[in-house]
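S.K.: Right, I'll just put the structure down here and ask away after.
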Amino acid sequence: MLKLFELLKSKGYLILFVLLEVVAIILLYRGSNYHSSIILSSTNFITGKITETATVANSYLGLKEANITLMSRNAQLEREVLRLRSTIERLTIDSLSYRKVMKDSIDQPFPYEYRIAKVVGNITYGNSSYLTIDLGSKDGVHQDMAVLGVSGVVGIIKAVGKRYAQVLPVTNKDFAISCKIKNGEYIGILKWDGETPQQSLLTNLPKHISYAPGDSVYTSNYSAIFPEGIFVGTILEEGSSIDDNFCALKVELSMKLENIKYVYVVTNYDREERENLDAILTHKR
(Lines of atoms letter the chains of each structure in order from A and count residues from 1; the text may use other names and numbers.)
(Lines give C-alpha, C1' and ligand atoms only; values in the text may rest on other atoms or scores of the structure.)
Protein backbone atom coordinates (compact mmCIF):
# COMPACT_ATOMS: atom_id res chain seq x y z
CA MET A 1 0.00 0.00 0.00
CA LEU A 2 2.86 2.33 0.85
CA LYS A 3 4.31 1.80 -2.63
CA LEU A 4 0.92 2.68 -4.15
CA PHE A 5 0.84 5.99 -2.26
CA GLU A 6 4.41 6.73 -3.33
CA LEU A 7 3.46 6.03 -6.95
CA LEU A 8 0.40 8.32 -6.74
CA LYS A 9 2.54 11.02 -5.14
CA SER A 10 5.30 10.86 -7.76
CA LYS A 11 3.08 10.31 -10.81
CA GLY A 12 -0.05 12.09 -9.57
CA TYR A 13 -0.04 14.90 -12.14
CA LEU A 14 0.52 12.48 -15.01
CA ILE A 15 -2.28 10.18 -13.84
CA LEU A 16 -4.61 13.16 -13.41
CA PHE A 17 -3.77 14.40 -16.91
CA VAL A 18 -4.53 10.99 -18.44
CA LEU A 19 -7.84 10.74 -16.57
CA LEU A 20 -8.87 14.23 -17.71
CA GLU A 21 -7.98 13.34 -21.32
CA VAL A 22 -10.12 10.19 -21.11
CA VAL A 23 -13.05 12.15 -19.67
CA ALA A 24 -12.71 14.81 -22.38
CA ILE A 25 -12.74 12.19 -25.13
CA ILE A 26 -15.84 10.52 -23.63
CA LEU A 27 -17.66 13.86 -23.43
CA LEU A 28 -16.73 14.69 -27.02
CA TYR A 29 -17.87 11.27 -28.17
CA ARG A 30 -21.27 11.56 -26.44
CA GLY A 31 -21.91 15.22 -27.15
CA SER A 32 -21.16 15.53 -30.85
CA ASN A 33 -21.85 13.28 -33.81
CA TYR A 34 -18.98 14.92 -35.68
CA HIS A 35 -16.48 14.24 -32.93
CA SER A 36 -17.85 10.73 -32.51
CA SER A 37 -17.23 9.99 -36.17
CA ILE A 38 -13.70 11.42 -35.94
CA ILE A 39 -12.88 9.29 -32.90
CA LEU A 40 -14.36 6.16 -34.48
CA SER A 41 -12.49 6.82 -37.71
CA SER A 42 -9.20 7.29 -35.85
CA THR A 43 -9.83 4.18 -33.78
CA ASN A 44 -10.59 2.13 -36.87
CA PHE A 45 -7.44 3.45 -38.57
CA ILE A 46 -5.24 2.56 -35.59
CA THR A 47 -6.89 -0.85 -35.23
CA GLY A 48 -6.43 -1.49 -38.94
CA LYS A 49 -2.74 -0.60 -38.77
CA ILE A 50 -2.23 -2.87 -35.77
CA THR A 51 -4.03 -5.71 -37.55
CA GLU A 52 -2.02 -5.11 -40.72
CA THR A 53 1.26 -5.14 -38.77
CA ALA A 54 0.25 -8.34 -36.97
CA THR A 55 -0.66 -9.97 -40.29
CA VAL A 56 2.69 -9.01 -41.83
CA ALA A 57 4.51 -10.31 -38.76
CA ASN A 58 2.62 -13.60 -38.89
CA SER A 59 3.31 -13.90 -42.61
CA TYR A 60 7.02 -13.28 -41.98
CA LEU A 61 7.11 -15.94 -39.26
CA GLY A 62 5.28 -18.31 -41.59
CA LEU A 63 7.81 -17.68 -44.37
CA LYS A 64 10.65 -18.20 -41.90
CA GLU A 65 9.23 -21.58 -40.84
CA ALA A 66 8.64 -22.53 -44.48
CA ASN A 67 12.22 -21.58 -45.34
CA ILE A 68 13.59 -23.79 -42.55
CA THR A 69 11.37 -26.66 -43.71
CA LEU A 70 12.61 -26.29 -47.29
CA MET A 71 16.21 -26.25 -46.09
CA SER A 72 15.60 -29.47 -44.13
CA ARG A 73 14.19 -31.17 -47.21
CA ASN A 74 17.03 -29.80 -49.33
CA ALA A 75 19.56 -31.26 -46.88
CA GLN A 76 17.91 -34.67 -47.15
CA LEU A 77 17.98 -34.50 -50.95
CA GLU A 78 21.62 -33.32 -50.93
CA ARG A 79 22.64 -36.30 -48.80
CA GLU A 80 20.75 -38.68 -51.07
CA VAL A 81 22.35 -37.21 -54.21
CA LEU A 82 25.84 -37.55 -52.71
CA ARG A 83 25.16 -41.13 -51.64
CA LEU A 84 23.83 -42.10 -55.08
CA ARG A 85 26.73 -40.32 -56.80
CA SER A 86 29.20 -42.34 -54.73
CA THR A 87 27.38 -45.57 -55.58
CA ILE A 88 27.30 -44.78 -59.31
CA GLU A 89 31.00 -43.93 -59.29
CA ARG A 90 31.87 -47.27 -57.71
CA LEU A 91 29.68 -49.12 -60.20
CA THR A 92 31.32 -47.29 -63.10
CA ILE A 93 34.75 -48.44 -61.96
CA ASP A 94 33.72 -52.06 -61.60
CA SER A 95 30.36 -53.09 -63.01
CA LEU A 96 30.91 -56.64 -61.70
CA SER A 97 30.72 -55.36 -58.13
CA TYR A 98 27.01 -54.48 -58.46
CA ARG A 99 25.79 -56.89 -55.80
CA LYS A 100 28.51 -55.96 -53.34
CA VAL A 101 27.86 -52.25 -53.81
CA MET A 102 24.15 -52.67 -53.25
CA LYS A 103 24.82 -54.70 -50.11
CA ASP A 104 27.30 -52.11 -48.83
CA SER A 105 24.80 -49.31 -49.51
CA ILE A 106 22.28 -51.07 -47.27
CA ASP A 107 24.68 -52.15 -44.52
CA GLN A 108 26.67 -48.91 -44.31
CA PRO A 109 24.68 -45.71 -43.62
CA PHE A 110 25.71 -42.49 -45.34
CA PRO A 111 28.29 -40.92 -42.98
CA TYR A 112 27.21 -37.27 -43.26
CA GLU A 113 24.60 -35.48 -41.18
CA TYR A 114 23.30 -31.98 -41.95
CA ARG A 115 22.04 -29.57 -39.27
CA ILE A 116 20.50 -26.17 -39.96
CA ALA A 117 22.02 -23.12 -38.26
CA LYS A 118 21.03 -19.47 -38.40
CA VAL A 119 23.65 -16.86 -39.28
CA VAL A 120 23.55 -14.24 -36.51
CA GLY A 121 26.71 -12.31 -37.37
CA ASN A 122 28.78 -11.35 -40.41
CA ILE A 123 31.94 -9.47 -39.48
CA THR A 124 34.85 -8.23 -41.60
CA TYR A 125 38.29 -7.33 -40.23
CA GLY A 126 40.30 -5.79 -43.04
CA ASN A 127 40.53 -8.51 -45.68
CA SER A 128 39.33 -11.24 -43.31
CA SER A 129 35.67 -12.07 -42.76
CA TYR A 130 33.87 -14.32 -40.27
CA LEU A 131 30.32 -15.59 -39.79
CA THR A 132 28.67 -16.40 -36.46
CA ILE A 133 25.99 -19.12 -36.23
CA ASP A 134 23.56 -20.03 -33.44
CA LEU A 135 24.85 -23.57 -32.83
CA GLY A 136 27.61 -24.36 -30.36
CA SER A 137 29.19 -27.13 -28.33
CA LYS A 138 25.89 -27.94 -26.65
CA ASP A 139 24.58 -28.85 -30.11
CA GLY A 140 27.55 -31.10 -30.90
CA VAL A 141 29.40 -28.53 -33.00
CA HIS A 142 33.19 -28.55 -32.85
CA GLN A 143 36.16 -27.11 -34.74
CA ASP A 144 36.82 -28.02 -38.37
CA MET A 145 33.27 -29.02 -39.27
CA ALA A 146 32.12 -28.23 -42.82
CA VAL A 147 29.59 -25.44 -43.34
CA LEU A 148 27.47 -25.45 -46.51
CA GLY A 149 24.72 -23.34 -48.04
CA VAL A 150 21.96 -24.13 -50.51
CA SER A 151 24.30 -23.16 -53.37
CA GLY A 152 27.55 -24.74 -52.20
CA VAL A 153 30.50 -24.36 -49.85
CA VAL A 154 30.32 -21.62 -47.18
CA GLY A 155 33.31 -22.34 -44.93
CA ILE A 156 34.56 -24.26 -41.91
CA ILE A 157 33.99 -24.00 -38.15
CA LYS A 158 36.90 -22.05 -36.66
CA ALA A 159 35.95 -21.42 -33.01
CA VAL A 160 33.18 -22.82 -30.80
CA GLY A 161 31.37 -21.51 -27.72
CA LYS A 162 28.59 -23.15 -25.77
CA ARG A 163 25.75 -21.65 -27.83
CA TYR A 164 27.49 -20.10 -30.84
CA ALA A 165 30.26 -20.90 -33.30
CA GLN A 166 32.44 -18.84 -35.61
CA VAL A 167 32.76 -19.80 -39.27
CA LEU A 168 35.86 -19.18 -41.38
CA PRO A 169 34.26 -18.52 -44.80
CA VAL A 170 35.58 -19.43 -48.22
CA THR A 171 36.37 -15.72 -48.71
CA ASN A 172 39.00 -15.71 -45.96
CA LYS A 173 42.72 -15.96 -46.77
CA ASP A 174 43.16 -18.66 -44.12
CA PHE A 175 40.60 -20.94 -45.79
CA ALA A 176 41.68 -23.71 -48.17
CA ILE A 177 39.90 -26.76 -49.56
CA SER A 178 40.72 -29.62 -51.91
CA CYS A 179 38.76 -29.33 -55.19
CA LYS A 180 38.64 -30.65 -58.73
CA ILE A 181 37.08 -29.68 -62.03
CA LYS A 182 34.02 -31.67 -63.05
CA ASN A 183 35.00 -34.84 -64.96
CA GLY A 184 38.66 -33.99 -64.32
CA GLU A 185 41.25 -36.16 -62.64
CA TYR A 186 43.52 -33.51 -61.14
CA ILE A 187 43.11 -32.21 -57.59
CA GLY A 188 43.81 -28.57 -56.75
CA ILE A 189 43.63 -26.30 -53.71
CA LEU A 190 40.99 -23.58 -53.63
CA LYS A 191 42.29 -20.53 -51.76
CA TRP A 192 41.04 -16.95 -51.74
CA ASP A 193 43.61 -14.41 -52.92
CA GLY A 194 42.09 -11.50 -51.01
CA GLU A 195 41.20 -9.47 -54.10
CA THR A 196 37.59 -10.05 -55.20
CA PRO A 197 34.96 -11.18 -52.64
CA GLN A 198 33.09 -13.38 -55.11
CA GLN A 199 36.17 -15.01 -56.68
CA SER A 200 38.84 -17.44 -55.55
CA LEU A 201 41.86 -19.27 -57.02
CA LEU A 202 42.12 -22.98 -57.74
CA THR A 203 45.86 -23.57 -57.44
CA ASN A 204 48.43 -26.40 -57.62
CA LEU A 205 47.10 -27.66 -60.95
CA PRO A 206 49.41 -29.03 -63.68
CA LYS A 207 50.13 -26.55 -66.46
CA HIS A 208 48.80 -28.91 -69.13
CA ILE A 209 45.38 -29.27 -67.49
CA SER A 210 42.42 -29.07 -69.86
CA TYR A 211 39.58 -26.72 -68.91
CA ALA A 212 37.05 -24.29 -70.36
CA PRO A 213 35.44 -21.15 -68.89
CA GLY A 214 32.18 -22.16 -67.25
CA ASP A 215 33.42 -25.59 -66.11
CA SER A 216 32.10 -26.51 -62.66
CA VAL A 217 34.37 -26.96 -59.65
CA TYR A 218 33.47 -29.41 -56.88
CA THR A 219 34.96 -30.59 -53.60
CA SER A 220 37.21 -33.63 -54.02
CA ASN A 221 37.30 -36.90 -52.08
CA TYR A 222 40.61 -35.92 -50.43
CA SER A 223 38.87 -34.00 -47.65
CA ALA A 224 37.86 -35.64 -44.38
CA ILE A 225 35.74 -32.58 -43.59
CA PHE A 226 33.68 -31.83 -46.72
CA PRO A 227 31.59 -34.39 -48.60
CA GLU A 228 32.80 -35.09 -52.11
CA GLY A 229 30.95 -33.45 -54.99
CA ILE A 230 29.76 -30.24 -53.30
CA PHE A 231 29.49 -27.40 -55.80
CA VAL A 232 32.05 -24.63 -55.23
CA GLY A 233 31.81 -22.44 -58.33
CA THR A 234 32.65 -22.09 -62.01
CA ILE A 235 35.90 -21.38 -63.83
CA LEU A 236 36.33 -17.87 -65.23
CA GLU A 237 39.83 -17.79 -66.69
CA GLU A 238 43.46 -18.53 -65.93
CA GLY A 239 44.77 -16.74 -62.87
CA SER A 240 48.18 -15.81 -61.52
CA SER A 241 50.13 -18.68 -59.93
CA ILE A 242 52.87 -18.06 -57.37
CA ASP A 243 54.64 -21.19 -58.63
CA ASP A 244 55.68 -21.25 -62.30
CA ASN A 245 55.49 -25.05 -62.30
CA PHE A 246 51.75 -25.02 -61.68
CA CYS A 247 48.61 -23.45 -63.11
CA ALA A 248 46.01 -21.39 -61.23
CA LEU A 249 42.42 -20.79 -62.33
CA LYS A 250 40.05 -18.02 -61.28
CA VAL A 251 36.80 -19.42 -59.88
CA GLU A 252 33.49 -17.58 -59.52
CA LEU A 253 32.18 -18.75 -56.14
CA SER A 254 28.64 -20.13 -56.01
CA MET A 255 27.76 -18.81 -52.54
CA LYS A 256 27.06 -15.12 -51.96
CA LEU A 257 27.78 -14.56 -48.28
CA GLU A 258 26.68 -10.93 -47.87
CA ASN A 259 23.04 -11.69 -47.08
CA ILE A 260 23.20 -15.36 -46.11
CA LYS A 261 20.60 -16.28 -43.46
CA TYR A 262 20.89 -20.02 -42.88
CA VAL A 263 23.58 -22.67 -43.37
CA TYR A 264 24.14 -26.39 -42.90
CA VAL A 265 26.70 -27.65 -40.38
CA VAL A 266 27.96 -31.04 -41.56
CA THR A 267 29.10 -33.92 -39.37
CA ASN A 268 31.27 -36.63 -40.95
CA TYR A 269 31.02 -39.76 -38.81
CA ASP A 270 33.91 -41.38 -40.72
CA ARG A 271 36.26 -38.47 -40.15
CA GLU A 272 37.83 -39.70 -36.90
CA GLU A 273 38.81 -43.03 -38.45
CA ARG A 274 40.39 -41.35 -41.48
CA GLU A 275 42.34 -38.87 -39.37
CA ASN A 276 43.54 -41.60 -37.01
CA LEU A 277 44.94 -43.55 -39.96
CA ASP A 278 46.64 -40.43 -41.31
CA ALA A 279 48.14 -39.79 -37.88
CA ILE A 280 49.53 -43.34 -37.71
CA LEU A 281 51.18 -42.97 -41.12
CA THR A 282 52.58 -39.56 -40.23
CA HIS A 283 53.98 -40.91 -36.95
CA LYS A 284 55.71 -43.79 -38.75
CA ARG A 285 57.52 -41.32 -40.99
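Quick note: to get the working numbering, add 117 to the position in the sequence shown (first position is 1).
The beta carbon of each residue, even a glycine, is placed where N, CA and C say it ideally should be.
Nothing here was measured: the structure is a model prediction, and the numbers come from that model.
Suppose contacts are defined by Cβ-Cβ distances below 8 Å. Is glutamate 354 in contact with proline 330 by that definition?
M.R.: Yes, these two residues count as a Cβ contact at 8 Å.
S.K.: Can you tell me whether isoleucine 326 is helix, strand or coil according to DSSP?
M.R.: coil
S.K.: Going along the chain, which residues of its own chain have a beta-carbon closer than 7 Å to the beta-carbon of valine 380, five neighbours each way excluded?
M.R.: Result list for valine 380: Ala234, Val236, Ile250, Val264, Leu265, Gly266 and Val271, in chain order.
S.K.: Look at the Cβ atom of valine 258, then the Cβ atom of cysteine 296, and state whether they are nearer than 8 Å.
M.R.: No, Cβ-Cβ distance for valine 258 and cysteine 296 is not below 8 Å.
S.K.: Contact between the segment 307-314 and the segment 273-293: three or more CB pairs below 8 Å?
M.R.: The answer is yes - the segment 273-293 touches the segment 307-314, with three or more Cβ pairs under 8 Å.
S.K.: Return the chain-ordered list of same chain residues with a C-beta closer than 6 Å to the C-beta of isoleucine 306, the five sequence neighbours on each side being excluded.
M.R.: The answer, listed in chain order, is Ala293, Thr320 and Asn321.
S.K.: Please report the straight-line C-alpha distance between lysine 255 and alanine 276, rounded to a whole angstrom.
M.R.: One Cα belongs to lysine 255, the other to alanine 276, and the distance between them is close to 14 Å.
S.K.: Following the continuous beta strand (DSSP E) through isoleucine 347, name the residue where it begins and the one where it ends.
M.R.: According to the DSSP assignment, isoleucine 347 belongs to no beta strand (DSSP E), since it is labelled neither H nor E.
S.K.: Mark serine 337 as exposed unless 16 or more other C-beta atoms lie within 10 angstroms of its C-beta, in which case mark it buried.
M.R.: Within a 10 Å sphere around the beta-carbon of serine 337 sit 16 or more other beta-carbons, which makes this residue buried.
S.K.: State the start and end residues of the unbroken beta strand (DSSP E) segment that holds isoleucine 274.
M.R.: Where isoleucine 274 is concerned, the enclosing beta strand (DSSP E) stretches over 269-277.
S.K.: Mark isoleucine 273 as exposed unless 16 or more other C-beta atoms lie within 10 angstroms of its C-beta, in which case mark it buried.
M.R.: Burial check for isoleucine 273: the Cβ neighbour count within 10 Å reaches 16 or more, so the residue is buried.
S.K.: Give me the Cβ distance between aspartate 332 and lysine 308, rounded to the nearest whole Å; I'm assuming they're in contact under 8 Å.
M.R.: The pair is not a contact, with the Cβ atoms about 18 Å apart (cut-off 8 Å).
S.K.: How many whole angstroms separate the CB atoms of glycine 253 and alanine 282, which I take to be in contact at a CB cut-off of 8 Å?
M.R.: 5 Å
S.K.: Give the DSSP-derived three-state secondary structure of arginine 280 in the structure shown.
M.R.: coil
S.K.: Pick from Glu392, Asp310, Asp361 and Lys279: whose alpha carbon is nearest that of leucine 370?
M.R.: Asp310
S.K.: So, is asparagine 393 buried or exposed, given that buried needs 16 or more other C-beta atoms within 10 angstroms?
M.R.: Under this definition asparagine 393 is an exposed residue.
S.K.: With H, G and I counted as helix, E and B as strand and the rest as coil, what does DSSP make of serine 254?
M.R.: Here serine 254 carries a helix assignment [DSSP, helix/strand/coil].
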